[in-house]
Amino acid sequence: MRNPLSNTVMKIQPSGIRKFFDIVSEMKDAISLGVGEPDFDTPWHIREEGIYSLEKGRTFYTSNAGLKELKMEISNYLSRRFGLSYDYNKEVMVTVGGSEAIDIALRAMIEPGDEVLIPQPCYVSYHPCTILAGGVPVVIELKGENDFKLTREQLLESITEKTKILILAYPNNPTGAVMTREDLSKIVDVIIEKDLVVISDEIYSELTYGNTHVSIASFPGMRERTIVINGFSKSYAMTGWRLGYAAGPANILEQMIKIHQFAIMCAPTTSQYAGIEALRHGDPDVERMRDAYDQRRRFLVHSLRNMGLTCFEPFGAFYVFPCIKDLGMSSEEFATKLLQEEKVAVVPGTAFGDCGEGYLRISYAYSIENLKIALERMEKFVENLRKKGVNDRK
Amino acid sequence: MREKILSAIDKNSRISVEDLAIMLGASQEEVAAAIKEMEEEAIICGYTTLINWDKVQSERVTALIEVKVTPQRGLGFDKIAERIYQFDEVQSVYLMSGGFDLTVILEGRTMREVANFVSDKLAPMEAVLSTATHFVLKKYKEHGLPLVQPHNDERMLITP
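Laid out in structure tokens, this is it:
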């Protein structure tokens, strides 16, 4: 039989997270700080709206780009929260989670050989989706000393004749870094001058601690060259509903909708009705969850620093990204041993790109009680490592 | 700061000052002082435990009593409310808008005990015009918390 598989697909490495997941899932009583989704249930009024839509028999396809009411609410939301103005009719589409939006944005824009700039450490899908779309991923290795922000210099260094797209993902998974208005203003003119398009993954935009999130699309001259991607998963604790959206210039959205129409048809109808409720009445829920995350964030950063780990203060998402370079082992080794010895699961930074080496992603989408137990165990582990290190040197 | 402390301890009064200070990004002294002040000002009136007594062997009944009263000149409803809430078996007293004046929530060991309280203590009070007693059959949620076992974390252990 002939080889039924595509070489392009075969060449893609399985996600590092997958590998670690397999090890963790064999440990029955492990405490995990490894998830990338909220611990809260979707607020009841939102779930209830989904149930009601089922009761009413709203079980049909919606139009490809999504329910008109939902697109209108999305457009209102983007305007009221981030000062972005999009025509709901032509510049907004509803997708199956933010991840679909990333995929179809890349597919709609990439010509074979186009280079896509991917600042790492980052979410795991940008790199493979670029390859699947026929593009060439160009990794920018972000640095701990810059708090994992994309600097003007690093951006300039990475641009070639073939560079077409920059993927920007702030607040960032896995580092928790944010880019403020000031940080963004330093790269905007480069993007415009070099005629790049930005895919801005803003899925964690509601989870910032300190300043409100600033979208790069709100800068003059950026709107026509930015696809804003967002969704309901993180802000409203709706990961399982698979509901996201993209907003951007009509000419790009039109092509994205075309792909979506053939590949997906439409986002789940039940989820779309729930999404309308979330945007109309969900602000207090977002605030409540953000406050809870913020408290855990302070707690986690404090505890990690107490262990003597270098940990820059993350102002977004629900991750901290402590550095373990001085403990004399790789991220994966650390994570594996921590799991075996203390039964605490964290994700090695390398799962998010090679430059994540020496770091760990620790999620605080857990109750304080849970975090406390896990951190006590981790502290014990780190102390033992340090003692061992001293003895080895003797 | 005060409101942040209150909303944090509202659902979990066992949280230590040390942890609270870290979580709110304040110093321990600051948090301790704010709590002390609020205790003195009777903003924080006590620290209780939420117990599902249904799961404990001992017999216990809760009744909700609608009370109509005559307000007293110059004192309004406060005087009569005070006369009622002084009884140990009274758990809560609220002044209500609408068809009756006071809601009295009562806890007793038996229905007879509650009935005796109403007929011997509450109803005979001069200001009390009428009472209507409702017994609680089952409690589902109190103080914003469901009285059930929290459900397990069903998330996958590691996700991107």
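Sequences listed follow chains A and B, in order.
According to this note's numbering, the stretch in the first sequence is residues 19 to 412, in order.
According to this note's numbering, the stretch in the second sequence is residues 253 to 412, in order.
For each residue, glycine too, the CB sits at the ideal point set by N, CA and C.
Exposed or buried, which one is residue i when buried takes at least 16 other CB atoms within 10 Å?
i                      : result
residue 315 of chain A : buried
residue 322 of chain B : exposed
residue 295 of chain A : buried
residue 305 of chain A : exposed
residue 148 of chain A : buried
residue 60 of chain A  : buried
residue 93 of chain A  : buried
residue 269 of chain A : exposed
residue 142 of chain A : buried
residue 284 of chain A : buried
residue 196 of chain A : buried
residue 256 of chain A : buried
residue 313 of chain A : buried
residue 307 of chain A : buried
residue 98 of chain A  : exposed
residue 243 of chain A : buried
residue 223 of chain A : buried
residue 266 of chain B : exposed
residue 72 of chain A  : exposed
residue 138 of chain A : buried
residue 259 of chain A : buried
residue 232 of chain A : buried
residue 255 of chain B : exposed
residue 418 of chain A : Residue 418 of chain A lies beyond the range of chain A shown here (19 to 412); nothing can be said about it.
residue 353 of chain B : buried
For residue i, does the three-state DSSP call read helix, strand or coil?
i                      : result
residue 329 of chain A : coil
residue 344 of chain A : helix
residue 299 of chain B : coil
residue 387 of chain B : strand
residue 266 of chain A : coil
residue 263 of chain B : helix
residue 95 of chain A  : helix
residue 151 of chain A : coil
residue 290 of chain A : helix
residue 146 of chain A : helix
residue 59 of chain A  : coil
residue 406 of chain B : coil
residue 293 of chain B : coil
residue 222 of chain A : coil
residue 130 of chain A : coil
residue 236 of chain A : helix
residue 279 of chain A : helix
residue 344 of chain B : strand
residue 23 of chain A  : coil
residue 111 of chain A : strand
residue 137 of chain A : strand
residue 393 of chain B : strand
Can you give the beta carbon distance from residue i to residue j, rounded, assuming they're within the 8 Å contact cut?
i                      : j                      : result
residue 162 of chain A : residue 341 of chain A : 6 Å
residue 274 of chain B : residue 35 of chain A  : Rounded, the Cβ-Cβ distance is 29 Å, inconsistent with contact.
residue 285 of chain B : residue 272 of chain B : In fact, because the Cβ distance is near 12 Å, the residues do not count as touching under 8 Å.
residue 240 of chain A : residue 215 of chain A : That belief does not hold up - the Cβ atoms of residue 240 of chain A and residue 215 of chain A are roughly 10 Å apart, past 8 Å.
residue 308 of chain B : residue 360 of chain B : The pair is not a contact, with the Cβ atoms about 15 Å apart (cut-off 8 Å).
residue 337 of chain A : residue 381 of chain A : 6 Å
residue 90 of chain A  : residue 70 of chain A  : Not a contact, Cβ separation roughly 19 Å.
residue 220 of chain A : residue 247 of chain A : 6 Å
residue 379 of chain A : residue 362 of chain A : With 8 Å as the limit, residue 379 of chain A and residue 362 of chain A do not qualify as a contact, their Cβ atoms being about 13 Å apart.
residue 77 of chain A  : residue 287 of chain A : 6 Å
Do residue i and residue j have their C-beta atoms within less than 7 Å of each other?
i                      : j                      : result
residue 385 of chain A : residue 367 of chain A : no
residue 192 of chain A : residue 339 of chain A : yes
residue 185 of chain A : residue 144 of chain A : yes
residue 262 of chain A : residue 115 of chain A : yes
residue 355 of chain B : residue 363 of chain B : no
residue 292 of chain A : residue 49 of chain A  : no
residue 58 of chain A  : residue 227 of chain A : no
residue 112 of chain A : residue 88 of chain A  : yes
residue 327 of chain B : residue 342 of chain B : no
Between residue i and the ligand FMN, is there a pair consisting of the residue's CB and a ligand heavy atom that are separated by less than 6 Å?
i                      : result
residue 355 of chain A : Of ligands this structure carries none, so the ligand FMN is not represented either.
Please decide whether residue i counts as near chain C, where near means a Cβ-Cβ distance under 7 Å.
i                      : result
residue 412 of chain B : This model lacks chain C altogether, as its protein chains are A and B.
Contact list for the stretch 259-287 of chain B against chain A, Cβ threshold 8 Å = 259, 260, 267, 271, 274, 275, 276, 277
Mind checking the stretch 289-306 of chain B against chain A and listing, in chain order, the residues whose C-beta falls within less than 9 Å of any C-beta there?
-> none
Give the residues from the stretch 22-49 of chain A that approach chain B closer than 8 Å (Cβ to any Cβ), ordered along the chain.
-> 33, 35, 38, 39, 42, 43, 48
If you measure beta-carbon to beta-carbon, which residues of the stretch 295-318 of chain A are closer than 7 Å to chain B?
-> 313, 316, 317
Using a Cβ cut-off of 8 Å, which residues of the stretch 344-364 of chain A contact any Cβ in chain B, in chain order?
-> 363
Which residues, in chain order, does the stretch 49-83 of chain A contribute to contact with chain B at a C-beta distance below 8 Å?
-> 50, 52, 53, 54, 55, 57
Against chain B: residues of the stretch 315-339 of chain A by CB proximity under 7 Å | 316, 317, 320
Can you list, in chain order, the residues of the stretch 123-157 of chain A whose Cβ is nearer than 7 Å to any Cβ on chain B?
-> 141, 142
Contact residues within the stretch 379-409 of chain B, judged by C-beta distance below 9 Å to chain A | 403, 405, 407, 408, 409
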